[in-house]
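Residue numbers (the working numbering): 67 to 249.
Ideal placement from N, C-alpha and C gives every residue a C-beta, glycine not left out.
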């Protein structure tokens with residue numbers, strides 16, 4: 067476990083900044099995403115809602131949920147609220163018994179919900195007709211998460227079953243295929 071909550075805020079920022087950059091490039095929020103039945107707006111709503119629910123379940127009050135009528139503005143408001151909460155050392159270091167053992171709010175936000183920020187960044191880029199490339203470090207982090215989640219990754223509502231990667235697929239394409247996404 068990390069013991070420096072300011073590190074949690076910095077880690078969150080490293081994940082949220084590229085996500086926010088893609089959010090800023092989406093122009094059609096009703097466009098279909100790679101997530102079956104979800105528009106770009108739905109993907110963003112999911113990211114915001116799940117983070118808010120997680121933080122709220124650990125007594126972190128982010129105030130009222132942002133209005134998704136303007137998804138980009140909603141993201142900016144939510145992102146600001148999360149960063150502000152993580153600026154309080156006590157928030158990031160709040161311990162609890164998580165699904166994978168003892169952890170902290172900050173660690174879970176940057177690992178489990180960080181996974182969501184990276185994967186859904188790609189989903190939003192696809193909805194916007196853009197190609198989004200992960201860095202080698204991001205691919206490594208995602209691969210580690212996939213291995214750690216095991217079969218739970220494919221539970222209802224998380225990721226659909228993996229698909230076959232195209233012949234000659236690069237590392238990112240193979241990873242996305244494991245996440246049920248065709249690239």
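{"Item": "Report yes if the CB atom of residue 247 is closer than 8 Å to the CB atom of residue 137, and no otherwise.", "Value": "no"}
{"Item": "Do you know how far the Cα of residue 153 is from the Cα of residue 69?", "Value": "Its pLDDT being 46, under 50, residue 69 is placed unreliably by the model, and the measurement read from it follows with that caveat. Taking the straight line from one Cα to the other gives about 14 Å."}
{"Item": "Tell me residue 105's beta-bridge partners as DSSP assigns them.", "Value": "98"}
{"Item": "Mind checking residue 147: buried by the 16 CB within 10 Å criterion, or exposed?", "Value": "buried"}
{"Item": "Who does residue 163 pair with in a DSSP beta bridge?", "Value": "168"}
{"Item": "Run through the region 112–154 for me and flag every whole alpha helix (DSSP H) of 4 or more residues, listed as ranges in chain order.", "Value": "137–152"}
{"Item": "In chain order, what residues of the same chain lie with their CB nearer than 6 Å to the CB of residue 89, ignoring the 5 residues before and after it?", "Value": "138 and 141"}
{"Item": "Apart from the five residues on each side of it in sequence, which residues of its chain come closer than 7 Å, Cβ to Cβ, to residue 135?", "Value": "none"}
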